[in-house]
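K.L.:
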Amino acid sequence: MKLTLPKLSKNSPSLKYGERLNPSRDWLILVMVFVLLLLGSLGWNIWLFDRVTNGDAIGNATAPAPLNPASIDSVNALFEARAVKETDYKNSRFVDPSTSAAPGASVEVPL
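Per the numbering used here, the very first residue in the sequence shown carries number 23; after that it's consecutive.
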């Protein structure tokens, strides 16, 4: 069974558009719906902004995770190792093997 808009409008009086087209009425309805949606969105954003600026939680408020000193120490150790490695790279002198005279020459890297 193929349903089309004319068949639906004949069967249901609430879907019947009418004998005459009225574009100004249709545009007025569209603009009013748009303005209502815009005002609703504006109100929602103002309410949410006010709530956030007052320090309230947006979603469900949860307790902060407990601090784990072992994880903080491991992160500090990782950053210290990276700092040492970065210092080694800055203070070391690397020789480009493609520019060295002898192909089997050893590369000297002073520490």
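Beta carbons are placed, not taken as given, at the ideal position from N, Cα and C, and that holds for glycine.
Name the two residues that bound the continuous alpha helix (DSSP H) containing PRO86.
P.N.:
PRO86 -> no alpha helix (DSSP H), and no H or E assigned at all.
K.L.:
Could you spell out the range, first to last residue, of the alpha helix (DSSP H) harbouring PHE78?
P.N.:
Note that residue 78 is Asp in the sequence shown here, rather than Phe. Segment: none, ASP78 is in no alpha helix (DSSP H) and carries neither H nor E.
K.L.:
Could you check what DSSP says for ASN113 in three-state terms: helix, strand or coil?
P.N.:
The answer is helix: DSSP assigns ASN113 an H, G or I state.
K.L.:
Find out if the Cβ-Cβ distance for the pair ILE80, LEU70 is shorter than 9 Å.
P.N.:
Result yes, Cβ atoms of ILE80 and LEU70 sit closer than 9 Å.
K.L.:
ARG47 by DSSP, collapsed to three states: which one?
P.N.:
In the structure shown, ARG47 sits in a helix (DSSP, three-state: H, G or I).
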